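These notes are about the structure you will find just below.
Now the structure itself:
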């Protein structure tokens, strides 16, 4: 049993806020995803891989690094990278290191450049500007605290074999 | 082009907060999901359907009502309900109305009752108590504003055929 401050159940206000958060999160995600798909033919998963690769110094990352960045499981990553390679967005490259690298192609770079301004504008309109700078800063801080707390928990209480982020 | 207050790009602080939020959201979701699966054999999708049905007055909902509540697409809903029916968690019932109803079974009700306290305790430990009451209340309000704004946008600017929530 987890050690909690007020017993496990959420009171009415807590429950309401938690559900509002879940609904917002899903509504926003669906909205952003729908526009990416409709206007640029990219899924949220495509977008995420392309953002990570395009922001890496060399335009190349190993699959396990992408796995760490996205928190996807190995099999999902492997299948999705194969589909993206067939569509010409990425390329698997052999290199001297043990594991091949995943490189963004010119086509992939063009795709992410084309959709980035509209995507950023939607994030601003439907998230950043509604929070406003002060509340957004607080959200960022609390978010970092939550990630740190889950990280500590996983380091001590969750067996590593269920982490899904093995380096392969 | 979307009408925005400061141009489309996010500045460094905004970008940082947005990414912290995305990482928190994914880390928390993965964490809750992993424990549901490991301790109770339920996926996040199973849990979501069972929560909705168990909280409905009669323990029954139409598929399109579940679709509205979860914002899943029709095909995902249909496939997932079939899998849950095979596992005995729900039952599709013919009734006098045009569309069959989805009912939670005794087994489904037992499953949701078994996992709910541990799930609530995790939501408290890794989310509610880290926000604290004041910041949580603000998050709830901003979340409602975002959902309302996206709703208005979809009512006026998004063609209904892409909403994925048709009543069938």
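Protein chains in written order, with the numbering used here: chain A, 1151 to 1318; chain B, 1151 to 1318. Heads up, the beta-carbon is just placed ideally off N, CA and C, and yes, glycines get one too. Here the structure is a predicted model, which means the values were calculated and not measured.
Check                                                                                                                                                                                           : Outcome
Relative to the C-alpha of residue 1264 of chain B, which candidate in B:1187, B:1158 and B:1161 has its C-alpha closest?                                                                       : B:1187
Please name the residue, chosen from A:1236, A:1192 and A:1283, that lies closest to residue 1161 of chain B on a Cα-to-Cα basis.                                                               : A:1283
Closest Cβ-Cβ distance between residue 1306 of chain A and chain B: below 8 Å?                                                                                                                  : no
What residues from chain B crowd round residue 1167 of chain A, counting only those whose CB sits closer than 7 Å?                                                                              : 1286, 1287, 1289 and 1290
Would you mind reading off the limits of the alpha helix (DSSP H) that contains residue 1237 of chain B?                                                                                        : It is not in any alpha helix (DSSP H) - residue 1237 of chain B carries neither H nor E in the DSSP assignment.
For a contact meaning CB atoms closer than 7 Å, what does residue 1181 of chain B contact in chain A?                                                                                           : 1300
Could you list the residues in the region 1193–1209 of chain B with a C-beta less than 9 Å from some C-beta on chain A, going in chain order?                                                   : none
Give me, in chain order, the residues of the same chain whose beta-carbon lies closer than 8 Å to that of residue 1197 of chain B; leave out the 5 immediate sequence neighbours on both sides. : 1186, 1262, 1265 and 1269
Just to confirm the assignment, what range does the alpha helix (DSSP H) spanning residue 1188 of chain A have?                                                                                 : 1162–1190
Check this for me: beta carbons of residue 1235 of chain B and residue 1242 of chain B, under 8 Å apart or not?                                                                                 : yes
In the DSSP assignment, what are the bridge partners of residue 1243 of chain B?                                                                                                                : B:1251
If we call anything under 8 Å between Cβ atoms a contact, is residue 1227 of chain B one with residue 1217 of chain B?                                                                          : yes
By a C-beta neighbour count over all protein chains shown, 10 Å radius and 16 as the cutoff for buried, is residue 1280 of chain A buried or exposed?                                           : buried
How many Å lie between residue 1271 of chain B and residue 1259 of chain B at the Cα?                                                                                                           : 19 Å
Would you say residue 1286 of chain B and residue 1164 of chain A are within 8 Å of each other, going by their C-beta atoms?                                                                    : yes
Just the C-alpha distance for residue 1193 of chain B and residue 1208 of chain A, rounded to the nearest angstrom, thanks.                                                                     : 37 Å
Under 9 Å between beta-carbons, which chain A residues line up against residue 1233 of chain B? List them in chain order, please.                                                               : Those do not exist, as residue 1233 of chain B stays about 18 Å from chain A at its closest Cβ, beyond 9 Å.
Beta-carbon of residue 1164 of chain B versus every beta-carbon of chain A: anything under 8 Å?                                                                                                 : yes
Suppose contacts are defined by Cβ-Cβ distances below 8 Å. Is residue 1289 of chain A in contact with residue 1173 of chain B by that definition?                                               : no
Is it right to say residue 1305 of chain A is buried, meaning 16 or more other beta carbons lie within 10 angstroms of its own, or is it exposed?                                               : exposed
Could you compute how far the alpha carbon of residue 1313 of chain B sits from the alpha carbon of residue 1299 of chain B?                                                                    : Residue placement at residue 1313 of chain B is flagged as unreliable, the pLDDT there being 45, under the threshold of 50; a coordinate-derived value is accordingly withheld.
Taking 8 Å as the threshold (beta carbon to beta carbon), is residue 1100 of chain B in contact with chain A?                                                                                   : There is no way to answer for residue 1100 of chain B, as the model of chain B reaches only from 1151 to 1318.
Among the candidates B:1180, B:1205 and B:1167, whose CA atom is the shortest distance from the CA of residue 1273 of chain B?                                                                  : B:1180
Output the residue ranges of the alpha helix (DSSP H) runs that lie fully inside the region 1251–1294 of chain B and measure 4 residues or longer, sorted by chain position.                    : 1256–1273
Less than 8 Å between the C-beta atoms of residue 1253 of chain A and residue 1240 of chain A, yes or no?                                                                                       : yes
For the alpha helix (DSSP H) that residue 1217 of chain A lies in, which residues bound it at each end?                                                                                         : 1213–1220
I want to verify the contact list: residues of chain A whose CB lies under 9 Å from the CB of residue 1227 of chain B, in sequence order.                                                       : Ordered by position in chain A, no residue passes the 9 Å Cβ test against residue 1227 of chain B, which lies about 14 Å from the chain.
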